[in-house]
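Since the structure comes first, as structure tokens, the remarks are kept for the end.
Protein chains: 2
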Amino acid sequence: MADPTKRLPKLPVERALKVIAGRWKPVILYYVFDGPKRLSELKRMMPDITQKVLIQQLREMEEHGLVGRRVFAEVPARVEYTATELGLALEPVLLALCRWGQRHAEEQNELDELADCIVHPRASQARANTAA
Amino acid sequence: MADPTKRLPKLPVERALKVIAGRWKPVILYYVFDGPKRLSELKRMMPDITQKVLIQQLREMEEHGLVGRRVFAEVPARVEYTATELGLALEPVLLALCRWGQRHAEEQNELDELADCIVHPRASQARANTAA
DNA sequence: CGCCATGGTCACCTCCTGGTGGGTATGGAA
DNA sequence: TTCCATACCCACCAGGAGGTGACCATGGCG
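Taken in sequence, the protein lines are chains A and B. Residue 91 in full-length UniProt numbering is what sits at position 91 of the first sequence, and the numbering runs on without skipping anything. Residue 47 in full-length UniProt numbering is what sits at position 47 of the second sequence, and the numbering runs on without skipping anything.
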């Protein structure tokens, strides 16, 4: 998947799904949408993910143009991951998915075992009322 | 996945992704959005899918409340699959995914090897011009 | 020098999804 | 009775994503 030789699906929907449907990608994206993040930072934010897997996911998203990677030649080698324009364009899509996911949980009477939406509308600027 | 014991993810986004990200689900949904379809009909529309897999996908979507199944006690046992309300609510989401998928293809200069969107807005009414 | 932090790689293993091939039940046509 | 169509299940398998653990390079610090 992370290999350029392996092309993405022909159908746009499937292409999009393939690109964002990684085990941790939505969550990572959520954090990165909020501003540049270092590897260790992300790791700290998601204790359940392995560093290897985290890097793996980031690499794939980088290759797919969702995030950018900047290396600072500093003392203990700093690396920052940022969301690209293309990546940011996913925010509304993820939001739509989230909304539908909630509705789905409602209709299945499983709202109880459902976590927060995480992906809120325009987390960056309008850090406004999540409580609508 | 199709098993009730296996619960869906807690995060709404992941829940939604898990539910719609089957190898053939978007396509099946597309066809079913357009009206009730029989198994054999769907099979004919997607020659590349195995009947077993088709049924499998339909079962999962049924279990997740995306499609409904109606059995007609007719001569050669007829079965119709229809989109539920919940399923129909996915149309805009799939559309968003599709749009983003196209944009992604553009930005990666792979528009050439990209098929049609398939999921068009309200396929029923505005059957617009696919010829760009 | 030995130790630690950061960022990262490599080998390996497991589980799940999708895919293939065959088999089953009902009932009409030949 | 044999054959075929619809709708469906079961046993099995291959490939890939995700996960675990060990290991490497740089450079400050005690």
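Glycine included, each C-beta is placed from N, C-alpha and C at the ideal position. Note that the structure is predicted; figures quoted are calculated from it, not measured.
Query: What are the residues in the region 2-28 of chain A lying within 8 Å of chain B by C-beta distance?; Result: R7, L8, K10, L11, P12, V13, E14, R15, A16, L17, V19, I20, A21, P26 and V27
Query: Cβ of A96 (chain B) within 8 Å of Cβ of A115 (chain A)?; Result: no
Query: In or out: Q57 (chain B) buried (at least 16 other Cβ within 10 Å) or exposed?; Result: buried
Query: Between the C-alpha atoms of R38 (chain B) and V79 (chain B), what's the straight-line distance to the nearest angstrom?; Result: 6 Å
Query: Using a beta-carbon distance below 8 Å, is R69 (chain A) in contact with chain B?; Result: no
Query: What does I118 (chain B) touch in chain A if you count any residue whose Cβ is under 9 Å from its own?; Result: L11, P12 and V13
Query: Looking at C-alpha atoms only, which residue of A:A83, A:E106, A:R44 and A:E63 is the closest neighbour of P36 (chain A)?; Result: A:A83
Query: What are the boundary residues of the beta strand (DSSP E) that E80 (chain A) is part of?; Result: R78 to A83
Query: How many whole angstroms separate the CB atoms of H104 (chain B) and V19 (chain A), which I take to be in contact at a CB cut-off of 8 Å?; Result: 7 Å
Query: Along the chain, which unbroken stretches of the alpha helix (DSSP H) at least 4 residues long are found entirely within the region 39-79 of chain B?; Result: 39-45 and 51-63
Query: If the cut is a Cβ gap below 7 Å, which residues of chain B does L90 (chain A) touch?; Result: W100
Query: Reducing DSSP to helix, strand and coil, say where K37 (chain A) ends up.; Result: strand
Query: Between R59 (chain B) and chain A, is there a C-beta pair that is closer than 8 Å?; Result: no
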